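Taken in sequence, the protein lines are chains F and G. Okay, so the first sequence: first residue is 1 according to our numbering, each after it adds one. Okay, so the second sequence: first residue is 380 according to our numbering, each after it adds one. Idealized CB from N, CA, C, for every residue including glycine. The structure presented is a predicted model; accordingly, all values stated were derived computationally and were not measured.
There are 2 protein chains.
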Amino acid sequence: MRAMASTLALLVLSGMMPATAGAQTEIFETEQADFTLVTVAEGLDHPWSLAALPGGNFLVSERAGALRYVEQGTLRPEAVTGLPRVMNDNQGGLLGLALHPDFETTRWVYFAYSEGSSSANHTALGRGRLSEDGRALHEVETLFRVNIDKARGYHFGGRIVFQPDGTLVLTLGDGGLYRDEAQNLGNHLGSVVRLNDDGTVPFDNPYASARGAQPEIYTWGHRNVQGIAFNPQTGSLWAHEHGPRGGDEINILEPGRNYGWPAISYGINYDGTPVSDATHADGMEQPVWFWDPSIAPSAMAFYQGEEFPDWQGDLFIGALAGEHLVRFEIEGDRIISTEELLSGLGERIRDVAVAPDGHLYLLTDSRDGRMLRLDRVIP
Amino acid sequence: MRAMASTLALLVLSGMMPATAGAQTEIFETEQADFTLVTVAEGLDHPWSLAALPGGNFLVSERAGALRYVEQGTLRPEAVTGLPRVMNDNQGGLLGLALHPDFETTRWVYFAYSEGSSSANHTALGRGRLSEDGRALHEVETLFRVNIDKARGYHFGGRIVFQPDGTLVLTLGDGGLYRDEAQNLGNHLGSVVRLNDDGTVPFDNPYASARGAQPEIYTWGHRNVQGIAFNPQTGSLWAHEHGPRGGDEINILEPGRNYGWPAISYGINYDGTPVSDATHADGMEQPVWFWDPSIAPSAMAFYQGEEFPDWQGDLFIGALAGEHLVRFEIEGDRIISTEELLSGLGERIRDVAVAPDGHLYLLTDSRDGRMLRLDRVIP
Numbered sequence: 001m002r003a004m005a006s007t008l009a010l011l012v013l014s015g016m017m018p019a020t021a022g023a024q025t026e027i028f029e030t031e032q033a034d035f036t037l038v039t040v041a042e043g044l045d046h047p048w049s050l051a052a053l054p055g056g057n058f059l060v061s062e063r064a065g066a067l068r069y070v071e072q073g074t075l076r077p078e079a080v081t082g083l084p085r086v087m088n089d090n091q092g093g094l095l096g097l098a099l100h101p102d103f104e105t106t107r108w109v110y111f112a113y114s115e116g117s118s119s120a121n122h123t124a125l126g127r128g129r130l131s132e133d134g135r136a137l138h139e140v141e142t143l144f145r146v147n148i149d150k151a152r153g154y155h156f157g158g159r160i161v162f163q164p165d166g167t168l169v170l171t172l173g174d175g176g177l178y179r180d181e182a183q184n185l186g187n188h189l190g191s192v193v194r195l196n197d198d199g200t201v202p203f204d205n206p207y208a209s210a211r212g213a214q215p216e217i218y219t220w221g222h223r224n225v226q227g228i229a230f231n232p233q234t235g236s237l238w239a240h241e242h243g244p245r246g247g248d249e250i251n252i253l254e255p256g257r258n259y260g261w262p263a264i265s266y267g268i269n270y271d272g273t274p275v276s277d278a279t280h281a282d283g284m285e286q287p288v289w290f291w292d293p294s295i296a297p298s299a300m301a302f303y304q305g306e307e308f309p310d311w312q313g314d315l316f317i318g319a320l321a322g323e324h325l326v327r328f329e330i331e332g333d334r335i336i337s338t339e340e341l342l343s344g345l346g347e348r349i350r351d352v353a354v355a356p357d358g359h360l361y362l363l364t365d366s367r368d369g370r371m372l373r374l375d376r377v378i379p
Numbered sequence: 380m381r382a383m384a385s386t387l388a389l390l391v392l393s394g395m396m397p398a399t400a401g402a403q404t405e406i407f408e409t410e411q412a413d414f415t416l417v418t419v420a421e422g423l424d425h426p427w428s429l430a431a432l433p434g435g436n437f438l439v440s441e442r443a444g445a446l447r448y449v450e451q452g453t454l455r456p457e458a459v460t461g462l463p464r465v466m467n468d469n470q471g472g473l474l475g476l477a478l479h480p481d482f483e484t485t486r487w488v489y490f491a492y493s494e495g496s497s498s499a500n501h502t503a504l505g506r507g508r509l510s511e512d513g514r515a516l517h518e519v520e521t522l523f524r525v526n527i528d529k530a531r532g533y534h535f536g537g538r539i540v541f542q543p544d545g546t547l548v549l550t551l552g553d554g555g556l557y558r559d560e561a562q563n564l565g566n567h568l569g570s571v572v573r574l575n576d577d578g579t580v581p582f583d584n585p586y587a588s589a590r591g592a593q594p595e596i597y598t599w600g601h602r603n604v605q606g607i608a609f610n611p612q613t614g615s616l617w618a619h620e621h622g623p624r625g626g627d628e629i630n631i632l633e634p635g636r637n638y639g640w641p642a643i644s645y646g647i648n649y650d651g652t653p654v655s656d657a658t659h660a661d662g663m664e665q666p667v668w669f670w671d672p673s674i675a676p677s678a679m680a681f682y683q684g685e686e687f688p689d690w691q692g693d694l695f696i697g698a699l700a701g702e703h704l705v706r707f708e709i710e711g712d713r714i715i716s717t718e719e720l721l722s723g724l725g726e727r728i729r730d731v732a733v734a735p736d737g738h739l740y741l742l743t744d745s746r747d748g749r750m751l752r753l754d755r756v757i758p
């Protein structure tokens with residue numbers, strides 16, 4: 001795509017931006033906005049999720065199990081205390097974060113994590129009240145656990161989003177070696193679950209009273225859902241999932257629907273063998289978008305804010321394998337254009353979030369991971 | 380996009396394919412199909428449109444005004460006789476071709492062209508009966524002319540498609556220097572018109588009996604429409620238009636609708652000034668897709684055939700400035716994925732068509748233009 005050339009056309013200016021003396025600040029010129037990347041924090045160990053606290057501070061989860069605190073732009077050396085022990089094996093660890101909708105009153109922080117051992121583990125959801133000084137979680141409790149154990153450290157899902165109705169949605173994965181379980185309503189593997197803020201089951205969940213189905217299940221037939229967000233234009237719930245080779249998808253989640261994995265897929269297995277002959281089947285949903293080749297999508301956020309007026313309503317998705325940031329233009333619930341940003345950065349992007357200050361923030365996935373902020377440059 | 384890397388990953392094999400002794404045949408490896416490019420004809424002077432005749436022969440229009448005949452894979456040196464004189468200035472000349480739905484009986488060939496002088500010209504539609512030997516057009520007549528003259532050689536539109544109801548649709552442009560006329564129903568500039576096969580106005584055209592409107596107008600508010608095709612999945616009529624900088628669009632054409640140019644646009648003027656502050660307005664349609672940066676889309680074809688089973692239903696669009704071939708995956712009337720093909724070719728693509736033999740054919744835009752055929756390679 002020609003967008004790549006444009007994104008790569010970096011203008012290196014000296015002295016225009018506030019920067020370390022003698023340093024040069026790259027300006028990323030893109031179709032709708034020019035921006036610089038500011039490193040807010042570095043030395044993060046595989047950071048996975050960030051949550052913007054009121055007042056400009058941030059929580060950042062590190063996959064190995066630590067919850068970190070960024071105070072007025074500076075990473076505190078000590079982790080927040082009070083978290084449970086997480087299983088840190090391969091993709092497993094401390095994963096997504098979300099704040100309670102009434103966080104200022106309740107101080108509840110929600111976190112997804114892997115629990116157990118390498119031979120028997122599952123995704124869990126916990127919460128704890130963050131102390132006023134941001135140094136500890138108190139009253140920590142586990143609200144939900146996937147109801148069967150699996151082996152190995154693959155496909156945990158792990159993103160959390162609160163809905164306007166006060167319920168939360170937690171994304172899960174098929175466990176990697178257990179793909180057929182994504183078509184089994186009897187367990188939570190390969191589903192997205194919906195819970196009340198205290199972990200109980202909402203009465204209006206699609207399988208709340210179905211015999212043989214897990215009542216927490218909201219949607220099913222997923223492979224590994226690691227991005228979820230509300231579309232503010234329409235109120236619909238968008239999610240993306242890691243597919244097999246050539247089968248990453250974006251779906252609009254509607255209660256009770258089956259998204260088809262592994263019965264239908266646009267991708268093939270990593271070894272080149274087919275997953276399925278079919279891309280369509282009755283009773284199974286079609287994606288809004290798929291990537292072929294795969295980019296390994298990692299997070300999603302719809303932009304709303306004042307910093308980037310020309311990005312209003314746009315959808316941003318991070319790419320791990322793809323090492324870029326995707327921008328989609330959205331019309332209602334349709335994607336109508338796309339641009340690839342930050343292709344020249346050479347970093348796996350694990351999280352993308354919009355903070356109340358109107359900036360986009362990113363986490364890069366590495367042992368020396370960074371938290372980055374996009375600052376608009378007005379040409 | 381990562382598709383680019385894959386498209387560029389050409390495997391050069393020797394001897395595997397039937398080829399000139401000692402020659403090497405490039406195999407283009409893409410996500411759903413591998414193929415080679417076969418040069419059917421070369422030395423074409425800015426070829427613009429091709430029409431596949433029954434029995435495997437082809438007509439090719441050259442912008443300067445010649446209609447060429449490709450007989451069993453060989454370009455005849457002499458042009459088909461009988462065409463009117465065309466105005467050949469800049470973008471003007473002999474443009475789109477289409478065969479009558481009952482061509483085997485009627486032998487009618489339809490052609491769009493520019494007529495007049497550099498200071499006063501318009502798009503016209505003609506037809507003539509092709510002799511059995513393909514050497515001449517007889518009974519040539521002009522069926523339609525844009526009702527006002529314009530100066531300079533810009534924005535003629537010029538694609539023709541027959542609809543299942545037997546009517547034909549001809550795409551037009553805003554004339555380049557006359558953009559505001561695209562919002563004026565009193566002339567044909569910036570519209571798409573619908574005609575009976577004899578050039579008369581269909582009784583059910585949206586403005587057939589509207590006072591002050593041209594009765595041929597089917598849709599309006601266009602800039603320069605140079606691709607049009609039926610979506611066989613849905614029966615809807617898709618068209619793309621050249622936008623300003625960053626504003627190329629694909630639209631689904633519905634009778635009587637206003638597509639907004641220049642009142643709304645996703646692009647800006649070539650000199651960087653805005654076309655309009657708005658991308659949306661009441662009573663004006665939103666595109667299915669837009670390109671930013673622009674690619675200069677040149678033609679469109681939905682693939683149906685046996686040669687490329689994994690491309691069934693996909694939409695192909697040529698890019699002039701972009702110098703590639705776009706493949707879109709389509710679900711109903713939505714685009715759900717995209718791939719960029721032939722990025723490494725370095726040729727402006729002017730036409731893309733699917734012939735009854737199931738092959739995709741391309742025309743490259745240059746003084747030494749080529750007609751190319753995509754042949755599938757089974758790995």
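Spatial neighbours of T338/F in its own chain (CB-CB distance under 6 Å, excluding positions within 5 residues in sequence) are listed in chain order as F328. In the structure shown, the three-state DSSP call for Q562/G is helix. Contact between P641/G and V654/G holds: CB atoms are separated by about 5 Å, below the 8 Å threshold.
A straight-line Cα-Cα distance of about 8 Å links N121/F and G153/F. Between L720/G and H738/G, the CB-CB gap reaches or exceeds 8 Å. Fewer than three Cβ pairs drawn from the region 533-549 of chain G and the region 509-519 of chain G lie within less than 8 Å of each other, which leaves the two stretches out of contact. For V667/G, the residues of chain F that pass the 8 Å Cβ criterion are R334, I336, in the order they occur in the chain. Within the same chain, N566, H567, Q593 come within 7 Å of N526/G by CB-CB distance, once the 5 residues on both sides are set aside. Here L432/G carries a coil assignment [DSSP, helix/strand/coil]. Within the model, the alpha-carbon separation for A112/F versus L564/G is close to 59 Å. Listed in chain order, the alpha helix (DSSP H) elements of length 4 or more contained wholly in the region 62-107 of chain F are 103-106. No Cβ-Cβ contact shorter than 8 Å links G748/G with P456/G. Inter-residue distance for L478/G and T550/G is about 16 Å (C-alpha atoms, whole angstroms). The residues D310, W311, in chain order, have a CB closer than 7 Å to that of Q32/F in the same chain once the five nearest residues on each side in sequence are set aside.
Spatial neighbours of D730/G in its own chain (CB-CB distance under 6 Å, excluding positions within 5 residues in sequence) are listed in chain order as S428, L429, A678, L742. Using a CB distance below 8 Å, the part of the region 656-681 of chain G facing chain F consists of Q665, P666, V667, W668, F669, W670, D671, P672, I674, ordered along the chain. The DSSP-derived three-state label of P309/F is helix. Only residues of its own chain outside the window of five on either side were considered, and among them P623, R624 have a CB closer than 7 Å to the CB of Y649/G, listed in chain order. In its chain, beyond the 5 residues on either side, E323 have a beta carbon closer than 7 Å to the beta carbon of G346/F.
Sequence-ordered contacts of the region 240-263 of chain F with chain G read G246 [C-beta pairs closer than 8 Å]. The Cβ-Cβ distance between L574/G and E595/G falls below 8 Å. Counting of Cβ neighbours within 10 angstroms places L177/F among the exposed residues, the total staying below 16. Residue contact check for E26/F against chain G: no CB pair falls below 8 Å. Here DSSP, grouped into helix, strand and coil, assigns G600/G to coil. When DSSP reads this structure, P274/F sits in a beta bridge with I268/F. In this structure, the CA atom of P84/F is about 18 Å from the CA atom of N90/F. For R746/G, the number of other beta carbons within 10 angstroms of its own is below 16, and it is reported as exposed. In this structure, the straight-line span from the alpha carbon of G92/F to that of G65/F is close to 10 Å. When Cβ-Cβ separations below 8 Å define contact, E494/G makes no contact with chain F. Contact of E410/G with chain F by beta-carbon distance below 7 Å involves G246, D292, P293. By a beta-carbon distance limit of 8 Å, D248/F contacts F290/F. Their separation comes to about 6 Å.
The criterion of a C-beta distance shorter than 8 Å is satisfied by L237/F and V169/F. Measuring C-alpha to C-alpha distances from V540/G to each of V572/G, G513/G, I696/G identifies V572/G as the nearest. The beta carbon of E710/G falls within 8 Å of a beta carbon belonging to chain F, placing the residue at that interface. The DSSP-derived three-state label of L721/G is coil. Annotation: V225/F to V326/F spans about 17 Å, alpha carbon to alpha carbon.
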